[in-house]
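S.K.: For the sequence shown, position 63 matches number 81 in my numbering, and the numbering has no gaps at all.
Quick reminder that beta carbons are idealized off the backbone N, C-alpha and C, glycines included.
Pasting in a structure now, in structure tokens, and then I'll have a few things to ask.
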Amino acid sequence: MKVIRTLPTSSHASHPVLTIGNFDGQHVGHQALLSRVVTMARQHNGTSMVLTFDPHPASVLCPGVSLQYLTLNAEKFDFFERLGIKELVILEFTRQLASLTPEEFVKTILRDGLGIREVLVGQNFVFGTKRSGDIHDLERLGSEANFQVHSVPPVQIEGEIVSSTRIRKLLQAGHVKMAAQCLGRPYSLAGPVIHGEQRGGKLGWPTANLRMAQQRVVPADGIYATMAYVAGEWWPSIAYIGSRPTFSGGERMLEVHLFDQTRSLYGQHVQVNFIEFIRGDQQFSDVERLLQQMERDGAQARRLLQGWDHRLSQSSSLQSIPFPIC
Numbered sequence: 019m020k021v022i023r024t025l026p027t028s029s030h031a032s033h034p035v036l037t038i039g040n041f042d043g044q045h046v047g048h049q050a051l052l053s054r055v056v057t058m059a060r061q062h063n064g065t066s067m068v069l070t071f072d073p074h075p076a077s078v079l080c081p082g083v084s085l086q087y088l089t090l091n092a093e094k095f096d097f098f099e100r101l102g103i104k105e106l107v108i109l110e111f112t113r114q115l116a117s118l119t120p121e122e123f124v125k126t127i128l129r130d131g132l133g134i135r136e137v138l139v140g141q142n143f144v145f146g147t148k149r150s151g152d153i154h155d156l157e158r159l160g161s162e163a164n165f166q167v168h169s170v171p172p173v174q175i176e177g178e179i180v181s182s183t184r185i186r187k188l189l190q191a192g193h194v195k196m197a198a199q200c201l202g203r204p205y206s207l208a209g210p211v212i213h214g215e216q217r218g219g220k221l222g223w224p225t226a227n228l229r230m231a232q233q234r235v236v237p238a239d240g241i242y243a244t245m246a247y248v249a250g251e252w253w254p255s256i257a258y259i260g261s262r263p264t265f266s267g268g269e270r271m272l273e274v275h276l277f278d279q280t281r282s283l284y285g286q287h288v289q290v291n292f293i294e295f296i297r298g299d300q301q302f303s304d305v306e307r308l309l310q311q312m313e314r315d316g317a318q319a320r321r322l323l324q325g326w327d328h329r330l331s332q333s334s335s336l337q338s339i340p341f342p343i344c
């Protein structure tokens, strides 16, 4: 995949077929849209393209706002490539770009800058200064600029539209199983294993501790059945998110215990995929009651993970298994 960080100055690509967006999460709705872009480009022997922006428009238009993402840029880029996108155009999002009217955006970016022949967007697509242009404006302006606009209906699960906003809310409420249905894969967090207080090992439950990036969406505090990817292998596991209130609290961390494993993981990169919520975070009156609950949690996690197909735990950054296309 060719990555372009400015508008091309030379000739345009062959019959460019484009979609536009930030695509945080690469959920099943994104997958459906992008698969249509790739299919249409192949039908016309053309070039499948994505136009996106960096930094996120909200960080420019609403400075100081706290943004939380479902995926990192590297994960998004890998996702585009694996779905068959041939060119990724990343434009710097500035106030000048944000001030373009819908007419200026179409003429400057889509017609003159990229030479677009086909554009596929969702039915609720908006563009231009103050989000003043909609799909009908794009269709009208596209006709004048000699490109076709195709409206793609949203994907729904259980009667509700799949969106990045919906997935963020599901995760923050602990509903990781439904979030996985919307994503087409389990949600994951990853990072290097850091040194903790080693309390888990002393209690018979050694954990790998991960510090979570501030701008990543983090599931609700509590206990989860998880699959952990370490050094090329998947392991059934149980994870805790929280600040350990039974032990007077502390930094909010992700701690994962790999079943039937005792090896040291310090410094290794671990990916934790959230399969199912078990319970919320609790404060226990003493360590004995905590250990009794941990035994029950562990048994429940093992039951939930029995027969789990590790291929379903794949992540775009670690595995070569294709995403399901809806």
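1) Taking Cβ to Cβ, would you say ASP315 is nearer than 7 angstroms to ILE296?
2) Measure the Cβ-Cβ separation of HIS275 and ILE256 and say whether it is below 7 angstroms.
3) Considering only the alpha carbon of each residue, which of THR57, LEU272, PHE98 and MET19 lies closest to GLY43?
4) Does the pairing of the segment 304-320 with the segment 278-288 give three or more beta-carbon distances under 8 angstroms?
5) So, helix, strand or coil for GLU157, using DSSP?
6) Let me check one thing: in DSSP terms, what residues is SER66 bridge-paired to?
7) Where do the ends of the alpha helix (DSSP H) carrying GLY268 lie?
8) Distance check for SER117 and LYS148, CA to CA, integer angstroms please.
9) Roughly how many angstroms separate the alpha carbons of PRO365 and GLY82, rounded to a whole number?
10) Excluding the five sequence neighbours on either side, which residues of its own chain have a C-beta within less than 6 angstroms of the C-beta of VAL46, listed in chain order?
11) Once DSSP output is grouped into helix, strand and coil, what is the label at PRO254?
12) Could you tell me the alpha carbon to alpha carbon distance between GLY214 and LYS125, rounded to whole angstroms?
13) What number of angstroms, rounded off, separates the C-alpha of PRO171 from the C-alpha of GLY250?
14) Under the rule that 16 or more other beta-carbon atoms within 10 Å means buried, what is GLN301, buried or exposed?
15) One question on the structure: do ARG135 and HIS33 come within less than 7 angstroms of each other, judged by their Cβ atoms?
16) Answer with buried or exposed for CYS200, where buried requires no fewer than 16 other C-beta atoms within 10 angstroms of its C-beta.
17) Enumerate, from N- to C-terminal direction, the unbroken alpha helix (DSSP H) stretches of 4 or more residues contained entirely within the segment 58-119.
18) Within a Cβ cutoff of 7 angstroms, which residues of the same chain sit near LYS94, ignoring the five residues on either side of it in sequence?
M.R.: Based on what the coordinates show:
1) Taking 7 angstroms as the cut-off, the beta carbon of ASP315 is found closer than this to the beta carbon of ILE296.
2) Contact flag set, yes.
3) Of the candidates THR57, LEU272, PHE98 and MET19, the residue whose Cα lies closest to the Cα of GLY43 is PHE98.
4) Touching, no, given that fewer than three Cβ pairs across the two stretches are closer than 8 angstroms.
5) Note: GLU157 maps to helix in three-state DSSP.
6) Answer is VAL35.
7) Boundaries cannot be given for GLY268, as no alpha helix (DSSP H) includes it and DSSP labels it neither H nor E.
8) For LYS148 and SER117, the distance between alpha carbons rounds to 8 angstroms.
9) Only positions 19 to 344 of the chain appear in the structure, and residue 365 is not among them; the question remains open.
10) Cβ neighbours of VAL46 beyond the five flanking positions: VAL173, VAL180, GLY202 and CYS344.
11) Three-state result, PRO254: strand.
12) GLY214 and LYS125 have their C-alpha atoms roughly 55 angstroms apart.
13) Distance between the alpha carbons of PRO171 and GLY250 is about 38 angstroms.
14) The residue in question, GLN301, is exposed, as its Cβ has fewer than 16 Cβ neighbours within 10 Å.
15) Yes, the pair counts as a contact, with Cβ atoms nearer than the cut-off.
16) For CYS200, the number of other beta carbons within 10 angstroms of its own is at least 16, and it is reported as buried.
17) Those alpha helix (DSSP H) runs which fall completely within the segment 58-119 and span 4+ residues are 75-79, 91-101 and 113-116.
18) Only PHE41 and GLN44 meet the Cβ criterion.
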